[in-house]
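Colleague: Before I ask anything, let me first share the structure, which is written out below as structure tokens.
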Amino acid sequence: MAKRKGFREEDFAFFHPGGSLGKKLIKVRDLMRQGKANPIIRENATVEKALLAITSARAGSCTIVDRKGKLKGIFTDGDLRRHLKQNGVSILSKPIAPLATKRPIAIGEEKLAAEALQILRDRSIDELPVVDRKGRAVGLLDVQDLLKAGFV
């Protein structure tokens, strides 16, 4: 009956987002953090600025971008702890770029959230930068976002 009416899986998922089919079809863009909840800093920023951005967004990392907004790296709270332990508070005035993870694992905003979950599990990471088709950072997906959506 559904096929005769032209009712697709995507339509069913839209009207029943809490169901198993709905979850399978949720896109990364539907769950990613954006705006103030998505800390993005330029690659010439300091570690202190990164820390303030992470804290303000209540996130566990910040995305590093170039002047065109293209993803260049990620700096996590774990990176901060490791560098503080090695170098002390003097790192706060240092540029972020050399301390960040370059070419981080990222996911496209059009990908399925289930794919993002698999990447997070396989790589044992908690946050995943989200990029558009041009490689610009547009969001951040945290494993907690997937938990809230009932994926885990």
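FYI, the numbering for the sequence shown is 944 to 1095, going by the working numbering. Ideal Cβ placement from N, Cα and C applies to all residues, glycine included.
#1: So what's Phe-958 in DSSP terms, helix, strand or just coil?
#2: Based on the DSSP output, what are the partners of Ser-1004 in its beta bridges?
#3: Would you decide whether Gly-1093 is buried or exposed? Buried here means 16 or more other CB atoms lie within 10 Å of its CB.
#4: Please report how far the alpha carbon of Lys-967 lies from the alpha carbon of Ala-1056, in whole angstroms.
#5: If you follow the alpha helix (DSSP H) that Leu-1089 is in, where does it begin and where does it stop?
#6: How long is the line joining the alpha carbons of Val-971 and Ile-1007, rounded to whole angstroms?
#7: How long is the line joining the alpha carbons of Leu-1090 and Pro-982, rounded to whole angstroms?
#8: For the beta strand (DSSP E) containing Val-1032, list its first residue and its last residue.
#9: Report yes or no: do three or more beta-carbon pairs, one from the stretch 1026-1041 and one from the stretch 1060-1071, lie closer than 8 Å?
#10: Output yes or no for whether 8 Å exceeds the beta carbon distance between Arg-976 and Gly-1051.
#11: Shortest alpha-carbon distance to Ile-1068 belongs to which of Arg-1079, Asp-1075, Ile-1048 and Ala-1080?
#12: Can you tell me whether DSSP reads Glu-986 as helix, strand or coil?
#13: Could you check the C-alpha separation between Leu-1042 and Cys-1005 for me, to the nearest Å?
#14: Could you check where the beta strand (DSSP E) with Leu-1071 kicks off and where it finishes?
#15: Quick one: measure Cβ to Cβ for Gly-909 and Lys-1045, integer angstroms, because I've assumed they're closer than 8 Å.
Modeller: In terms of the structure at hand:
#1: Counting from one through the sequence shown, the residue named residue 958 turns up at place 15. Low confidence applies here, because Phe-958 scores a pLDDT of 49, under 50, leaving its location unreliable; read the following figure in that light. It is helical.
#2: Within the sequence shown, residue 1004 is the residue found at index 61, counting from 1. DSSP lists Thr-1019 as partners of Ser-1004.
#3: The sequence position of residue 1093 within the sequence shown is 150, counting from 1. It counts as exposed.
#4: Within the sequence shown, the letter at position 24 stands for residue 967. Within the sequence shown, the letter at position 113 stands for residue 1056. Their Cα atoms are separated by approximately 8 Å.
#5: As a first step, residue 1089 is located in the sequence shown; it is residue number 146 there, counting from the start. Its alpha helix (DSSP H) spans residues 1086-1091.
#6: In the sequence shown, the residue the question calls residue 971 occupies position 28. In the sequence shown, the residue the question calls residue 1007 occupies position 64. Cα to Cα, the separation comes out at about 19 Å.
#7: Taking the sequence shown and counting its residues from 1, the one referred to as residue 1090 is at position 147. Taking the sequence shown and counting its residues from 1, the one referred to as residue 982 is at position 39. The straight-line gap from Cα to Cα measures roughly 20 Å.
#8: Position 89 of the sequence shown, counting from 1, holds the residue named residue 1032. No beta strand (DSSP E) contains Val-1032, which DSSP labels as neither H nor E.
#9: no
#10: Looking up residue 976 in the sequence shown gives position 33. Looking up residue 1051 in the sequence shown gives position 108. No, they are not a contact pair.
#11: For the purposes of this step, residue 1068 is taken as residue 125 along the sequence shown, with counting starting at 1. Taking only the C-alpha atoms, the option nearest Ile-1068 is Ile-1048.
#12: Counting from 1 along the sequence shown, the entry for residue 986 is found at position 43. In the structure shown, Glu-986 sits in coil (DSSP, three-state: anything other than H, G, I, E or B).
#13: Stepping through the sequence shown from its first residue, residue 1042 is reached at position 99. Stepping through the sequence shown from its first residue, residue 1005 is reached at position 62. Roughly 12 Å between the two C-alpha positions.
#14: Counting from 1 along the sequence shown, the entry for residue 1071 is found at position 128. Looking at the DSSP string, the run of the beta strand (DSSP E) that includes Leu-1071 is 1070-1074.
#15: What the structure shows of the chain is the stretch from 944 to 1095, and residue 909 is not part of that stretch, so it cannot be assessed.
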